[in-house]
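Visitor: Here you go, one structure.
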Amino acid sequence: MTILRIALLGSGYMGGTYAECISKYNQRGRLVAVSGGRRAPGLAERYGIEYVEHYDALLARNDVDAILIATPHSLHLEQVVQAAAAGKHVLVEKPMGTTLEEAAEIVELAKKSPGHLVPAPHVILSPTYQKMWRHIHRGDIGQPYLARAFYGWAGPSWGQWFYRQGGGSMFDLGVYNVVSLTGFLGPAKRVTGLVGTAIPERMVEGEMMKVEADDNAHICIEFANSCYAVVTTGFTIQRYRTPAIEIYGSEGTIQMMGDDWDPDGYELWQNEVGAWKVFDESAPNWPWADGINHLVECIIEGKTPIITPAHAYHVIEIMEAARAAGKDGQRRDINSTFTPATFWESEDEAVAAHLRHDTSSE
(Lines of atoms letter the chains of each structure in order from A and count residues from 1; the text may use other names and numbers.)
(Lines give C-alpha, C1' and ligand atoms only; values in the text may rest on other atoms or scores of the structure.)
Protein backbone atom coordinates (compact mmCIF):
# COMPACT_ATOMS: atom_id res chain seq x y z
CA MET A 1 0.00 0.00 0.00
CA THR A 2 1.27 3.44 -0.96
CA ILE A 3 1.94 5.67 2.05
CA LEU A 4 2.03 9.44 1.68
CA ARG A 5 4.61 11.12 3.91
CA ILE A 6 3.44 14.35 5.53
CA ALA A 7 5.32 17.07 7.39
CA LEU A 8 3.50 19.44 9.72
CA LEU A 9 4.39 23.12 10.01
CA GLY A 10 2.85 24.58 13.14
CA SER A 11 2.27 22.98 16.52
CA GLY A 12 -0.63 24.93 18.04
CA TYR A 13 -4.22 23.77 18.38
CA MET A 14 -4.69 23.41 14.63
CA GLY A 15 -1.44 21.54 14.15
CA GLY A 16 -2.19 19.19 17.04
CA THR A 17 -5.66 18.44 15.67
CA TYR A 18 -4.29 17.63 12.21
CA ALA A 19 -1.69 15.33 13.77
CA GLU A 20 -4.44 13.51 15.66
CA CYS A 21 -6.58 13.27 12.53
CA ILE A 22 -3.76 11.68 10.52
CA SER A 23 -2.97 9.27 13.34
CA LYS A 24 -6.58 8.18 13.95
CA TYR A 25 -8.26 8.32 10.57
CA ASN A 26 -5.70 7.94 7.80
CA GLN A 27 -4.02 4.62 7.06
CA ARG A 28 -2.48 5.88 3.83
CA GLY A 29 -0.89 9.02 5.25
CA ARG A 30 1.93 9.08 7.79
CA LEU A 31 3.22 12.07 9.71
CA VAL A 32 7.01 12.01 9.55
CA ALA A 33 8.16 15.37 10.92
CA VAL A 34 7.03 18.60 12.57
CA SER A 35 8.48 22.09 12.70
CA GLY A 36 7.44 25.49 14.02
CA GLY A 37 6.19 26.70 17.38
CA ARG A 38 7.23 26.02 20.94
CA ARG A 39 5.06 22.91 21.17
CA ALA A 40 6.65 21.18 18.18
CA PRO A 41 9.14 19.09 20.22
CA GLY A 42 6.33 17.80 22.43
CA LEU A 43 4.18 16.99 19.40
CA ALA A 44 7.09 15.10 17.85
CA GLU A 45 7.53 13.05 21.00
CA ARG A 46 3.80 12.31 21.29
CA TYR A 47 3.52 10.93 17.75
CA GLY A 48 6.97 9.39 17.48
CA ILE A 49 8.09 11.66 14.63
CA GLU A 50 11.10 13.89 14.07
CA TYR A 51 11.29 17.46 15.27
CA VAL A 52 12.95 19.71 12.67
CA GLU A 53 14.00 23.13 13.91
CA HIS A 54 14.02 25.01 10.61
CA TYR A 55 11.37 25.05 7.86
CA ASP A 56 14.03 25.10 5.12
CA ALA A 57 15.39 21.80 6.41
CA LEU A 58 11.88 20.36 6.42
CA LEU A 59 11.35 21.33 2.79
CA ALA A 60 14.70 19.87 1.76
CA ARG A 61 13.82 16.38 2.99
CA ASN A 62 13.30 13.69 0.36
CA ASP A 63 11.02 11.71 2.67
CA VAL A 64 8.33 14.43 2.69
CA ASP A 65 5.63 14.38 -0.02
CA ALA A 66 3.23 16.95 1.41
CA ILE A 67 3.43 19.95 3.72
CA LEU A 68 0.56 20.77 6.07
CA ILE A 69 0.70 24.47 7.02
CA ALA A 70 -1.07 25.33 10.30
CA THR A 71 0.60 28.57 11.31
CA PRO A 72 -0.62 32.14 11.99
CA HIS A 73 -2.46 33.75 9.07
CA SER A 74 0.24 36.26 8.19
CA LEU A 75 2.78 33.51 7.46
CA HIS A 76 0.71 31.49 5.00
CA LEU A 77 1.72 33.13 1.72
CA GLU A 78 5.47 32.86 2.22
CA GLN A 79 5.27 29.30 3.50
CA VAL A 80 2.99 28.14 0.65
CA VAL A 81 5.34 29.70 -1.91
CA GLN A 82 8.34 27.93 -0.38
CA ALA A 83 6.57 24.56 -0.19
CA ALA A 84 5.39 24.74 -3.78
CA ALA A 85 8.86 25.76 -4.95
CA ALA A 86 10.20 22.66 -3.22
CA GLY A 87 7.81 20.52 -5.27
CA LYS A 88 5.58 19.52 -2.36
CA HIS A 89 1.83 19.04 -2.21
CA VAL A 90 0.33 21.60 0.17
CA LEU A 91 -2.58 21.90 2.56
CA VAL A 92 -2.80 25.39 4.03
CA GLU A 93 -5.06 26.36 6.92
CA LYS A 94 -7.55 29.18 6.51
CA PRO A 95 -7.37 31.79 5.35
CA MET A 96 -5.27 30.99 2.31
CA GLY A 97 -4.06 34.61 2.36
CA THR A 98 -4.79 37.68 4.45
CA THR A 99 -5.43 39.94 1.43
CA LEU A 100 -6.87 39.46 -2.03
CA GLU A 101 -3.43 40.10 -3.50
CA GLU A 102 -1.93 37.28 -1.45
CA ALA A 103 -4.78 34.96 -2.41
CA ALA A 104 -4.34 35.81 -6.10
CA GLU A 105 -0.65 34.95 -5.90
CA ILE A 106 -1.47 31.56 -4.39
CA VAL A 107 -4.13 30.86 -7.05
CA GLU A 108 -1.59 31.51 -9.82
CA LEU A 109 1.01 29.44 -8.00
CA ALA A 110 -1.43 26.52 -7.76
CA LYS A 111 -1.98 26.61 -11.53
CA LYS A 112 1.75 26.19 -12.16
CA SER A 113 2.70 23.85 -9.34
CA PRO A 114 3.00 20.12 -10.09
CA GLY A 115 1.54 19.38 -6.66
CA HIS A 116 -1.98 19.81 -5.31
CA LEU A 117 -2.83 22.84 -3.18
CA VAL A 118 -5.80 22.40 -0.83
CA PRO A 119 -6.92 25.41 1.26
CA ALA A 120 -9.00 25.07 4.43
CA PRO A 121 -11.71 25.10 5.64
CA HIS A 122 -13.04 21.68 4.62
CA VAL A 123 -16.72 22.00 5.54
CA ILE A 124 -17.93 20.73 2.16
CA LEU A 125 -16.43 17.31 2.94
CA SER A 126 -18.80 16.55 5.82
CA PRO A 127 -21.50 13.95 5.07
CA THR A 128 -24.15 16.25 6.56
CA TYR A 129 -23.12 19.13 4.27
CA GLN A 130 -23.28 16.83 1.24
CA LYS A 131 -26.73 15.48 2.16
CA MET A 132 -28.02 19.02 2.56
CA TRP A 133 -26.48 19.99 -0.78
CA ARG A 134 -28.43 17.19 -2.48
CA HIS A 135 -31.70 18.27 -0.84
CA ILE A 136 -31.16 21.85 -2.04
CA HIS A 137 -30.14 20.95 -5.58
CA ARG A 138 -32.86 18.31 -6.00
CA GLY A 139 -35.31 21.10 -5.36
CA ASP A 140 -36.59 19.68 -2.07
CA ILE A 141 -37.03 23.19 -0.62
CA GLY A 142 -37.81 24.83 -3.95
CA GLN A 143 -35.99 27.95 -5.07
CA PRO A 144 -33.69 29.31 -2.31
CA TYR A 145 -34.61 32.86 -1.34
CA LEU A 146 -32.84 33.56 1.95
CA ALA A 147 -30.05 32.06 4.04
CA ARG A 148 -28.37 32.65 7.37
CA ALA A 149 -25.13 31.35 8.86
CA PHE A 150 -23.74 31.73 12.37
CA TYR A 151 -20.44 31.04 14.14
CA GLY A 152 -18.74 32.82 16.99
CA TRP A 153 -17.37 32.66 20.52
CA ALA A 154 -15.77 34.94 23.08
CA GLY A 155 -12.36 34.79 21.41
CA PRO A 156 -9.00 33.27 22.32
CA SER A 157 -6.98 34.35 25.34
CA TRP A 158 -3.83 33.09 23.60
CA GLY A 159 -2.16 34.07 20.33
CA GLN A 160 -2.03 37.84 20.00
CA TRP A 161 -1.88 37.40 16.23
CA PHE A 162 -5.64 36.66 16.27
CA TYR A 163 -6.18 40.35 17.04
CA ARG A 164 -3.40 41.87 14.92
CA GLN A 165 -3.69 43.07 11.33
CA GLY A 166 -4.30 40.01 9.16
CA GLY A 167 -6.29 38.32 11.92
CA GLY A 168 -9.82 39.01 13.10
CA SER A 169 -12.96 37.00 13.67
CA MET A 170 -14.17 37.20 10.08
CA PHE A 171 -11.07 35.52 8.64
CA ASP A 172 -10.84 33.07 11.54
CA LEU A 173 -14.51 32.16 12.08
CA GLY A 174 -16.79 33.67 9.45
CA VAL A 175 -14.75 32.03 6.72
CA TYR A 176 -16.38 28.67 7.53
CA ASN A 177 -19.86 30.08 6.97
CA VAL A 178 -18.93 31.89 3.77
CA VAL A 179 -17.47 28.68 2.34
CA SER A 180 -20.64 26.77 3.28
CA LEU A 181 -23.04 29.31 1.82
CA THR A 182 -21.16 29.74 -1.45
CA GLY A 183 -20.86 25.97 -1.72
CA PHE A 184 -24.63 25.59 -1.32
CA LEU A 185 -25.77 28.64 -3.30
CA GLY A 186 -22.95 29.28 -5.77
CA PRO A 187 -20.82 32.37 -6.40
CA ALA A 188 -21.80 35.67 -4.80
CA LYS A 189 -22.68 38.74 -6.87
CA ARG A 190 -22.52 41.59 -4.33
CA VAL A 191 -21.61 42.11 -0.69
CA THR A 192 -22.07 44.66 2.03
CA GLY A 193 -21.60 44.40 5.75
CA LEU A 194 -21.31 45.79 9.25
CA VAL A 195 -17.78 45.01 10.42
CA GLY A 196 -15.92 46.55 13.33
CA THR A 197 -14.06 46.19 16.61
CA ALA A 198 -16.43 45.92 19.56
CA ILE A 199 -13.78 45.25 22.23
CA PRO A 200 -10.82 47.60 21.61
CA GLU A 201 -8.56 46.05 24.27
CA ARG A 202 -8.18 42.42 25.36
CA MET A 203 -6.14 40.47 27.86
CA VAL A 204 -4.15 37.99 25.79
CA GLU A 205 -1.31 35.84 27.13
CA GLY A 206 -1.33 37.83 30.35
CA GLU A 207 -0.92 41.17 28.59
CA MET A 208 -3.47 43.88 27.81
CA MET A 209 -3.23 44.56 24.09
CA LYS A 210 -4.88 46.89 21.59
CA VAL A 211 -7.11 45.04 19.13
CA GLU A 212 -6.23 45.94 15.54
CA ALA A 213 -8.54 43.56 13.66
CA ASP A 214 -12.32 43.23 13.45
CA ASP A 215 -14.00 41.12 16.14
CA ASN A 216 -17.68 41.63 15.27
CA ALA A 217 -19.45 41.29 11.91
CA HIS A 218 -22.64 40.87 9.91
CA ILE A 219 -21.80 39.98 6.30
CA CYS A 220 -24.65 40.48 3.80
CA ILE A 221 -24.28 38.53 0.56
CA GLU A 222 -26.33 38.70 -2.63
CA PHE A 223 -26.46 35.59 -4.81
CA ALA A 224 -28.15 35.00 -8.17
CA ASN A 225 -31.94 35.34 -8.53
CA SER A 226 -32.22 37.85 -5.65
CA CYS A 227 -31.22 35.26 -3.06
CA TYR A 228 -29.79 36.97 0.03
CA ALA A 229 -27.74 35.62 2.93
CA VAL A 230 -26.30 36.98 6.15
CA VAL A 231 -23.34 35.67 8.14
CA THR A 232 -23.17 36.56 11.84
CA THR A 233 -19.72 36.07 13.35
CA GLY A 234 -17.51 37.48 16.05
CA PHE A 235 -15.21 37.07 19.02
CA THR A 236 -18.16 38.63 20.86
CA ILE A 237 -20.50 35.67 21.41
CA GLN A 238 -20.61 33.82 24.73
CA ARG A 239 -23.02 30.99 23.89
CA TYR A 240 -25.69 30.23 21.32
CA ARG A 241 -28.36 27.66 20.58
CA THR A 242 -29.15 28.27 16.95
CA PRO A 243 -28.54 26.32 13.74
CA ALA A 244 -25.25 26.85 11.96
CA ILE A 245 -26.88 27.21 8.54
CA GLU A 246 -30.48 27.97 7.56
CA ILE A 247 -31.69 28.09 3.96
CA TYR A 248 -35.24 29.19 3.17
CA GLY A 249 -36.80 28.22 -0.15
CA SER A 250 -40.11 28.61 -1.96
CA GLU A 251 -41.25 25.15 -0.83
CA GLY A 252 -39.44 24.56 2.43
CA THR A 253 -36.54 25.12 4.83
CA ILE A 254 -33.38 23.19 5.60
CA GLN A 255 -31.08 23.86 8.54
CA MET A 256 -27.83 22.40 9.81
CA MET A 257 -27.58 21.82 13.53
CA GLY A 258 -24.33 22.19 15.47
CA ASP A 259 -21.65 24.12 13.57
CA ASP A 260 -20.81 23.73 9.90
CA TRP A 261 -17.30 22.59 10.89
CA ASP A 262 -18.85 20.18 13.44
CA PRO A 263 -22.37 19.27 12.26
CA ASP A 264 -24.96 17.64 14.48
CA GLY A 265 -27.44 16.51 11.86
CA TYR A 266 -29.99 18.60 10.00
CA GLU A 267 -33.70 19.39 9.86
CA LEU A 268 -35.92 19.64 6.79
CA TRP A 269 -39.34 21.26 6.36
CA GLN A 270 -41.27 20.68 3.13
CA ASN A 271 -44.65 22.27 2.54
CA GLU A 272 -45.94 19.14 0.83
CA VAL A 273 -45.12 17.07 3.93
CA GLY A 274 -46.32 19.62 6.46
CA ALA A 275 -43.90 18.54 9.21
CA TRP A 276 -40.29 18.81 10.23
CA LYS A 277 -38.06 15.85 9.41
CA VAL A 278 -35.15 15.49 11.84
CA PHE A 279 -32.02 13.73 10.62
CA ASP A 280 -29.56 12.67 13.31
CA GLU A 281 -25.87 13.17 12.63
CA SER A 282 -24.72 10.23 10.49
CA ALA A 283 -20.99 10.83 11.01
CA PRO A 284 -20.50 12.07 14.61
CA ASN A 285 -16.76 11.41 14.41
CA TRP A 286 -16.21 13.34 11.18
CA PRO A 287 -13.12 15.52 11.79
CA TRP A 288 -12.99 19.12 10.64
CA ALA A 289 -9.38 18.39 9.65
CA ASP A 290 -10.66 15.94 7.00
CA GLY A 291 -9.05 18.00 4.25
CA ILE A 292 -5.75 16.22 4.89
CA ASN A 293 -7.46 12.87 4.31
CA HIS A 294 -8.95 14.23 1.09
CA LEU A 295 -5.53 15.45 -0.05
CA VAL A 296 -3.94 12.07 0.65
CA GLU A 297 -6.70 10.28 -1.27
CA CYS A 298 -6.37 12.62 -4.26
CA ILE A 299 -2.59 12.26 -4.45
CA ILE A 300 -2.55 8.47 -4.16
CA GLU A 301 -5.54 7.84 -6.44
CA GLY A 302 -4.72 10.53 -9.01
CA LYS A 303 -7.88 12.56 -8.35
CA THR A 304 -8.40 16.31 -8.49
CA PRO A 305 -9.27 17.86 -5.11
CA ILE A 306 -12.79 19.27 -4.85
CA ILE A 307 -11.56 21.96 -2.45
CA THR A 308 -10.01 24.57 -4.72
CA PRO A 309 -7.93 27.75 -4.49
CA ALA A 310 -10.49 29.44 -6.76
CA HIS A 311 -13.22 28.91 -4.16
CA ALA A 312 -10.94 30.13 -1.38
CA TYR A 313 -10.10 33.25 -3.42
CA HIS A 314 -13.80 33.97 -3.94
CA VAL A 315 -14.42 33.66 -0.20
CA ILE A 316 -11.55 36.03 0.61
CA GLU A 317 -12.91 38.56 -1.90
CA ILE A 318 -16.29 38.41 -0.13
CA MET A 319 -14.72 38.97 3.29
CA GLU A 320 -12.50 41.80 2.08
CA ALA A 321 -15.50 43.45 0.44
CA ALA A 322 -17.48 43.14 3.69
CA ARG A 323 -14.61 44.65 5.66
CA ALA A 324 -14.40 47.59 3.23
CA ALA A 325 -18.18 48.06 3.37
CA GLY A 326 -17.94 48.17 7.14
CA LYS A 327 -15.84 51.31 6.79
CA ASP A 328 -17.82 53.29 4.19
CA GLY A 329 -21.25 51.63 4.08
CA GLN A 330 -21.02 50.95 0.34
CA ARG A 331 -21.82 47.58 -1.17
CA ARG A 332 -19.28 45.96 -3.48
CA ASP A 333 -19.59 43.87 -6.60
CA ILE A 334 -17.79 40.52 -6.44
CA ASN A 335 -15.67 40.01 -9.55
CA SER A 336 -14.38 36.49 -9.07
CA THR A 337 -16.20 33.23 -9.55
CA PHE A 338 -15.59 29.51 -9.09
CA THR A 339 -17.16 26.18 -9.98
CA PRO A 340 -18.85 24.71 -6.89
CA ALA A 341 -18.28 21.05 -6.06
CA THR A 342 -21.25 18.76 -6.72
CA PHE A 343 -22.34 15.80 -4.62
CA TRP A 344 -24.77 13.76 -6.69
CA GLU A 345 -24.93 10.10 -5.69
CA SER A 346 -25.42 9.01 -9.30
CA GLU A 347 -25.34 10.44 -12.83
CA ASP A 348 -29.09 9.73 -13.20
CA GLU A 349 -29.80 11.87 -10.13
CA ALA A 350 -27.79 14.75 -11.59
CA VAL A 351 -29.58 14.53 -14.94
CA ALA A 352 -33.02 14.42 -13.31
CA ALA A 353 -32.22 17.49 -11.20
CA HIS A 354 -30.95 19.36 -14.26
CA LEU A 355 -34.15 18.64 -16.18
CA ARG A 356 -36.27 19.92 -13.30
CA HIS A 357 -34.39 23.22 -13.38
CA ASP A 358 -34.06 23.48 -17.18
CA THR A 359 -36.97 25.62 -18.40
CA SER A 360 -35.97 24.97 -22.03
CA SER A 361 -37.25 21.39 -21.65
CA GLU A 362 -40.79 22.54 -20.76
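Letter by letter, the sequence shown follows residues 48 to 409 in our numbering.
For glycine and all other residues, C-beta sits at the position ideal for the given N, C-alpha and C.
These figures come from a predicted structure and were not determined experimentally.
(1) Which residue or residues does DSSP assign as beta-bridge partners of residue 250?
(2) Return helix, strand or coil for residue 56, following the three-state DSSP convention.
(3) For residue 272, which three-state DSSP category applies?
(4) Could you check what DSSP says for residue 406 in three-state terms: helix, strand or coil?
(5) Using 8 Å for Cβ pairs, my map puts residue 116 next to residue 78. What's the rounded Cβ distance?
(6) Taking DSSP as the reference, what is the three-state secondary structure of residue 198?
(7) Measuring straight from C-alpha to C-alpha, what distance separates residue 71 and residue 97?
(8) When DSSP labels each residue in this structure, what does residue 285 get in the three-state scheme?
(9) For the candidate residues 189, 204 and 240, whose alpha-carbon lies nearest to that of residue 217?
(10) In this structure, how does DSSP classify residue 300 when only helix, strand and coil are distinguished?
(11) Check whether the Cβ atoms of residue 228 and residue 276 lie closer than 8 Å to each other.
(12) With H, G and I counted as helix, E and B as strand and the rest as coil, what does DSSP make of residue 367?
(13) Leaving out five residues on either side along the sequence, give the residues of the same chain with a beta carbon under 6 Å from the beta carbon of residue 64.
(14) Reducing DSSP to helix, strand and coil, say where residue 116 ends up.
(15) Per DSSP, which one or two residues make a beta bridge with residue 98?
(16) Taking the alpha-carbon positions, what's the residue 99 to residue 120 distance?
(17) Would you decide whether residue 249 is buried or exposed? Buried here means 16 or more other CB atoms lie within 10 Å of its CB.
(18) Is residue 87 closer than 8 Å to residue 58 when the C-beta atoms are compared?
(19) Would you list, in sequence order, the uninterrupted beta strand (DSSP E) runs of no fewer than 3 residues that lie entirely inside the region 306-373?
(20) With three or more C-beta pairs closer than 8 Å as the rule, is the region 250-267 touching the region 276-295?
(21) Taking 8 Å as the threshold (C-beta atoms), are residue 131 and residue 162 in contact?
(22) So, are the CB atoms of residue 84 and residue 51 less than 8 Å apart?
(23) As a quick exercise: from 251, 173 and 187, pick the residue whose alpha carbon is nearest that of residue 205.
(24) Assuming residue 166 is part of the beta strand (DSSP E), what are its boundary residues?
(25) Are the beta-carbon atoms belonging to residue 236 and residue 271 less than 8 Å from one another?
Guide: The answer reads as follows:
(1) Sequence index remark: in the sequence shown, residue 250 carries index 203 (1-based). Answer is 255.
(2) For the purposes of this step, residue 56 is taken as residue 9 along the sequence shown, with counting starting at 1. Residue 56 falls in the strand class under three-state DSSP.
(3) Indexing the sequence shown from 1 puts residue 272 at position 225. In the structure shown, residue 272 sits in a helix (DSSP, three-state: H, G or I).
(4) As a first step, residue 406 is located in the sequence shown; it is residue number 359 there, counting from the start. The predicted position of residue 406 is uncertain, since its pLDDT is 37 and thus under 50; no value can be drawn from it.
(5) The count along the sequence shown starts at 1 and reaches residue 116 at position 69. The count along the sequence shown starts at 1 and reaches residue 78 at position 31. Rounded, the Cβ-Cβ distance is 14 Å, inconsistent with contact.
(6) On the sequence shown, position 151 is the one that residue 198 refers to. In the three-state reduction of the DSSP assignment, residue 198 falls in the strand class.
(7) One-based indexing of the sequence shown puts residue 71 at position 24. One-based indexing of the sequence shown puts residue 97 at position 50. Between residue 71 and residue 97, the C-alpha separation is close to 19 Å.
(8) For the purposes of this step, residue 285 is taken as the residue at position 238 of the sequence shown. If DSSP states are grouped into helix, strand and coil, residue 285 belongs with coil.
(9) Walking along the sequence shown from the start, residue 217 turns up at place 170. Of the listed residues, the one whose Cα sits closest to residue 217 is 240.
(10) Against the sequence shown, residue 300 aligns to sequence position 253. Residue 300 falls in the strand class under three-state DSSP.
(11) For the purposes of this step, residue 228 is taken as residue 181 along the sequence shown, with counting starting at 1. For the purposes of this step, residue 276 is taken as residue 229 along the sequence shown, with counting starting at 1. The answer is yes: Cβ separation under 8 Å.
(12) The count along the sequence shown starts at 1 and reaches residue 367 at position 320. The DSSP-derived three-state label of residue 367 is helix.
(13) As a first step, residue 64 must be located in the sequence shown, where it is residue number 17. So the qualifying residues of the chain are 336.
(14) On the sequence shown, residue 116 is found 69 positions in, with the first residue counted as 1. Residue 116 falls in the strand class under three-state DSSP.
(15) If you number the sequence shown from 1, residue 98 lands on position 51. For residue 98, DSSP records a beta bridge to 81.
(16) Counted from its first residue, the sequence shown places residue 99 at position 52. Counted from its first residue, the sequence shown places residue 120 at position 73. Cα to Cα, the separation comes out at about 21 Å.
(17) Mapped onto the sequence shown, residue 249 falls at position 202. Buried.
(18) The residue labelled residue 58 in the question sits at position 11 within the sequence shown. The residue labelled residue 87 in the question sits at position 40 within the sequence shown. In contact: residue 58 and residue 87 (Cβ atoms closer than 8 Å).
(19) With a minimum length of 3 residues, the continuous beta strand (DSSP E) runs that stay inside the region 306-373 are 309-317 and 322-326.
(20) Short answer: they touch.
(21) Stepping through the sequence shown from its first residue, residue 162 is reached at position 115. Stepping through the sequence shown from its first residue, residue 131 is reached at position 84. A contact, by the Cβ cut-off of 8 Å.
(22) In the sequence shown, residue 84 corresponds to position 37, counting from 1. In the sequence shown, residue 51 corresponds to position 4, counting from 1. No, these two residues do not count as a Cβ contact at 8 Å.
(23) Residue 205 sits at position 158 when you count from the first residue of the sequence shown. Minimum Cα distance to residue 205 is reached at 251.
(24) Counting from 1 along the sequence shown, the entry for residue 166 is found at position 119. Taken as a continuous stretch (DSSP letters only), the beta strand (DSSP E) holding residue 166 covers 164-166.
(25) On the sequence shown, residue 236 is found 189 positions in, with the first residue counted as 1. On the sequence shown, residue 271 is found 224 positions in, with the first residue counted as 1. In this structure, residue 271 lies closer than 8 Å to residue 236 by Cβ.
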